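Notes for the one structure printed next.
Residue numbers (the working numbering): 2 to 615.
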């Protein structure tokens with residue numbers, strides 16, 4: 002039996018829906034940008050957090066909605082599947098510069114109509130020097146000018162983007178509904194003492210949260226009404242029944258708590274979707290999906306309200322809908338991250354907070370659903386540990402054999418102690434999930450400040466350390482001089498120069514990240530995302546103001562393995578075996594290994610040196 006047969010096939014309509022979405026041509030979509038511009042113009046007297054709430058409300062009230070004829074859940078990000086909305090409050094610069102180039106790109110091609118171009122040209126003047134990118138750049142001190150000019154810190158995706166790299170508290174959303182959040186906010190707001198100056202800001206934040214909760218409820222009601230209208234016209238009895246059921250569910254969730262598996266899936270999708278309408282961050286993840294969805298699944302199975310096959314089709318529909326989310330990045334950004342990755346991660350497996358194997362019946366269904374859809378979204382991560390269910394782990398291997406790069410594996414026995422060492426409570430550490438490509442976090446309690454904003458390029462910094470603090474690419478001085486490689490007598494001398502250089506560069510990266518973080522905090526606070534992250538409501542602060550329980554800040558480094566390989570090669574071939582002299586290696590680097598002699602040196606470095614991971 003081949004692996005495809007092992008996991009079964011998509012239902013006929015999900016297969017058709019999958020192909021439909023994959024074949025959809027992605028267009029640049031101006032609708033969100035136009036509505037956001039109107040909201041900003043109408044509310045210029047309001048505090049920024051309130052502007053953001055009123056903006057989301059306006060978008061959810063005014064945007065086009067539709068229900069795909071093959072879909073079992075409702076909710077769309079743009080006017081068509083896979084269209085990319087524009088977020089002018091972050092930046093309009095690359096959008097306007099590339100207006101006529103989107104269709105000519107090497108990768109991540111987007112189509113754009115003349116009408117869309119005109120809509121964007123119309124709103125662009127309002128956003129000139131009036132968005133996150135402009136304000137972030139204005140906050141940067143002169144001390145880091147050289148790094149901004151030379152592009153040594155890769156900030157392209159950070160000053161252009163909002164919150165994500167987290168999973169909100171889906172378990173609580175399902176159990177309490179937004180109604181539960183609303184009740185808590187009203188109680189906290191009523192208890193404010195306005196003689197305390199902090200209460201002024203808290204009051205505005207609470208008012209903003211109440212505005213977005215109402216907006217989300219009304220948005221879901223729009224789909225409820227639409228589903229009913231479609232049902233009234235539907236001639237197929239089975240589809241009519243599905244649409245009526247969808248109408249009933251959308252009238253209820255996510256405002257009310259979910260009571261069934263279908264309600265839970267629709268509720269989760271609405272939140273996942275709306276968070277990505279609110280803000281253009283990526284890596285917004287589903288958290289420990291098999292854990293918080295399991296009670297709803299088993300209740301419906303035991304009561305005979307749903308079969309495993311029904312649940313499987315519903316999940317494959319959810320993953321196809323997940324693929325409809327799209328984001329346009331600048332041309333320069335796509336050079337390092339082509340393929341329009343959104344990194345919406347689903348985590349299954351792992352351990353319960355009382356340290357037992359967490360694999361359950363739904364874990365298998367999620368695995369099967371991802372195997373059937375075989376899509377680039379969502380990313381699937383399996384948490385594994387010594388006592389993981391053997392049959393489940395074997396099934397994970399079978400999915401890997403399908404060859405689409407999933408699931409990724411996260412090792413509980415490394416990650417959990419690491420979290421605890423950093424001060425994360427044990428029960429939270431045992432509840433971690435994947436929240437992007439490789440990052441991990443505590444779902445519902447983690448703020449987005451810790452996935453680095455400056456991207457220190459380690460190999461480039463190593464070359465700088467070998468060149469007395471002067472960058473080889475731009476020929477500009479980055480750090481103090483700690484010596485020339487050709488004069489470093491021992492490998493320890495090189496390591497010492499590297500250590501001092503990287504510490505100095507890290508200091509500059511912190512300055513850059515502080516500026517971006519401050520600009521984001523002041524300019525684009527995400528109200529719904531903050532409300533659904535513990536304990537922003539309790540603290541009366543947004544995520545960027547420090548509202549999350551875990552507000553870690555960390556940098557991000559690239560090329561770490563390349564640098565390790567480089568140091569290993571230098572240590573062995575230059576300092577230990579002396580097969581290459583320091584001068585020979587340095588000349589080869591300056592020549593970029595182009596001459597026949599230097600090509601031989603490159604071959605030695607590649608073939609004879611130990612490698613990271615060996």
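C-beta atoms are modelled at their ideal positions from N, C-alpha and C, and glycine is treated no differently. All of these numbers come straight from a predicted model, not from anything done at the bench.
Is it right to say residue 114 is buried, meaning 16 or more other beta carbons lie within 10 angstroms of its own, or is it exposed? Residue mapping note: residue 114 aligns to position 113 of the chain shown, counting from 1. It is exposed - the Cβ of residue 114 has fewer than 16 other Cβ atoms within 10 Å.
Let me know if residue 345 comes out buried or exposed under the rule of 16 or more other beta-carbons within 10 Å of its beta-carbon. Here residue 345 corresponds to residue number 344 of the chain shown, with the count starting at 1. Residue 345 should be labelled buried.
Whole-angstrom distance between residue 368 and residue 169, CA atom to CA atom: Within the chain shown, residue 169 is the residue found at index 168, counting from 1. Within the chain shown, residue 368 is the residue found at index 367, counting from 1. C-alpha separation (whole angstroms): 22 Å.
Please name the residue, chosen from 173, 447, 53, that lies closest to residue 552 on a Cα-to-Cα basis. Taking the chain shown and counting its residues from 1, one reaches residue 552 at position 551. Nearest option by C-alpha distance: 447.
Where does the unbroken beta strand (DSSP E) through residue 382 begin, and where does it stop? For this step, residue 382 is matched to residue 381 along the chain shown. Residue 382 -> beta strand (DSSP E) spans 380–385.
Pick helix, strand or coil for residue 412, following the three-state DSSP scheme. To locate residue 412, count along the chain shown from 1; it is residue 411. In the structure shown, residue 412 sits in a strand (DSSP, three-state: E or B).
Can you tell me the Cα-Cα spacing of residue 26 and residue 555, whole angstroms? For this step, residue 26 is matched to residue 25 along the chain shown. For this step, residue 555 is matched to residue 554 along the chain shown. Their Cα atoms are separated by approximately 37 Å.
Classify residue 93 as buried or exposed, calling it buried when 16 or more other Cβ atoms lie within 10 Å of its own Cβ. To locate residue 93, count along the chain shown from 1; it is residue 92. With 16 or more other Cβ atoms within 10 Å, it is buried.
Please list, in chain order, all residues of the same chain as residue 317 whose beta carbon is under 7 Å from its beta carbon, the five residues on each side excluded. Taking the first residue of the chain shown as 1, we reach residue 317 at position 316. So the qualifying residues of the chain are 11, 15, 370, 373, 374.
Excluding sequence positions up to five away, which residues of its chain have a Cβ less than 7 Å from the Cβ of residue 200? Looking up residue 200 in the chain shown gives position 199. Here the set comprises 193, 194.
In three-state DSSP terms, what is residue 439? Against the chain shown, residue 439 aligns to sequence position 438. Coil, per DSSP.
Consult DSSP for residue 85 and reduce its assignment to one of helix, strand or coil. Along the chain shown, read from residue 1 onward, the residue named residue 85 stands at position 84. Three-state DSSP puts residue 85 in a strand.
Residue 19 by DSSP, collapsed to three states: which one? Position 18 of the chain shown, counting from 1, holds the residue named residue 19. Three-state DSSP puts residue 19 in a helix.
Can you tell me which residues form a DSSP beta bridge with residue 458? Translated into positions along the chain shown, residue 458 becomes position 457. DSSP, once it has assigned bridges, lists 559 as partnering residue 458.
Reduced DSSP secondary structure (H/G/I, E/B, other) of residue 502: Within the chain shown, the letter at position 501 stands for residue 502. In the structure shown, residue 502 sits in a helix (DSSP, three-state: H, G or I).
Residue 471 in three-state terms, based on DSSP: Reading the chain shown from its first residue, position 470 is the one you call residue 471. Here residue 471 sits in strand by DSSP.
Beta-carbon proximity list for residue 180, same chain, < 7 Å, skipping 5 on both sides: Here residue 180 corresponds to residue number 179 of the chain shown, with the count starting at 1. Only 256, 257 meet the Cβ criterion.
Under 8 Å by Cβ, that's how I've got residue 520 and residue 133 pegged, so tell me the actual separation to the nearest angstrom. As a working mapping, residue 520 is identified with position 519 in the chain shown. As a working mapping, residue 133 is identified with position 132 in the chain shown. About 6 Å separates the two Cβ atoms, so the contact holds.
Residues of its chain near residue 19, where Cβ-Cβ distance is below 7 Å and the 5 sequence neighbours each way are ignored: For this step, residue 19 is matched to residue 18 along the chain shown. Excluding sequence neighbours, residue 19 sits near 11, 321, 374.
Measuring straight from C-alpha to C-alpha, what distance separates residue 79 and residue 191? Here residue 79 refers to the residue found at position 78 of the chain shown. Here residue 191 refers to the residue found at position 190 of the chain shown. Rounded to the nearest angstrom, the two C-alpha atoms are 37 Å apart.
Taking the alpha-carbon positions, what's the residue 432 to residue 598 distance? Here residue 432 corresponds to residue number 431 of the chain shown, with the count starting at 1. Here residue 598 corresponds to residue number 597 of the chain shown, with the count starting at 1. Taking the straight line joining both Cα atoms gives about 55 Å.
Got a sec? Which residues, its chain only, sit under 7 Å from residue 203 by beta carbon, not counting five neighbours each side? Here residue 203 refers to the residue found at position 202 of the chain shown. Same-chain partners within the cutoff: 193, 541.
Any chance you could list the alpha helix (DSSP H) runs of at least 4 consecutive residues sitting entirely within the segment 237–303, in chain order? 238–251, 262–279, 290–293, 295–303
Which one or two residues does DSSP pair with residue 96 in a beta bridge? By 1-based counting over the chain shown, the position of residue 96 is 95. Answer is none; residue 96 lacks a bridge partner.
Residue 346 - DSSP class collapsed to helix/strand/coil: Along the chain shown, one-based indexing puts residue 346 at 345. Residue 346: strand per DSSP, three-state reduction.
Among the residues of its own chain, which have a CB less than 7 Å from the CB of residue 266, if the five just before and after it don't count? As a first step, residue 266 is located in the chain shown; it is residue number 265 there, counting from the start. Same-chain partners within the cutoff: 74, 315, 319.
For residue 358, the three-state DSSP class (helix, strand or coil): Your numbering for residue 358 matches position 357 in the chain shown. Residue 358: strand per DSSP, three-state reduction.
Give me, in chain order, the residues of the same chain whose beta-carbon lies closer than 8 Å to that of residue 507; leave out the 5 immediate sequence neighbours on both sides. Within the chain shown, residue 507 is the residue found at index 506, counting from 1. For residue 507, where only same-chain residues beyond five positions count, the Cβ hits under 8 Å are 457, 556.
Spatial neighbours of residue 278 within its chain, please: CB distance less than 8 Å, with the 5 preceding and 5 following residues excluded, ordered by chain position. Along the chain shown, one-based indexing puts residue 278 at 277. Taken in chain order, the residues that qualify are 33, 57, 60, 61, 64, 78, 86.
Delimiting residues of the alpha helix (DSSP H) encompassing residue 586: Position 585 of the chain shown, counting from 1, holds the residue named residue 586. Element bounds for residue 586: 583–591.
By the DSSP assignment, the alpha helix (DSSP H) with residue 597 in it spans what residues? Here residue 597 refers to the residue found at position 596 when the chain shown is read from its first residue. It spans 597–609 - the alpha helix (DSSP H) in which residue 597 sits, taken as one unbroken run.
Can you tell me whether residue 405 is buried or exposed? The criterion is at least 16 other CB atoms within 10 Å of its CB, across all chains shown. Here residue 405 is taken as the residue at index 404 of the chain shown, counted from 1. Looking at its Cβ environment, which holds fewer than 16 other Cβ atoms inside 10 Å, residue 405 is exposed.
Just curious, the alpha helix (DSSP H) that residue 213 is in, first and last residue? As a position in the chain shown, residue 213 is number 212, starting the count at 1. Segment 199–234, the alpha helix (DSSP H) holding residue 213.
Mind checking who residue 154 pairs with in its DSSP beta bridge? The residue you call residue 154 lines up with position 153 of the chain shown. DSSP lists 457 as partners of residue 154.
For residue 515, tell me which candidate among 380, 160, 71 has the shortest Cα-Cα distance. To locate residue 515, count along the chain shown from 1; it is residue 514. Checking every option, the nearest Cα to that of residue 515 belongs to 160.
Counting only C-beta atoms, is residue 433 closer than 8 Å to chain B at any point? The structure shown has no chain B; it contains just one protein chain.
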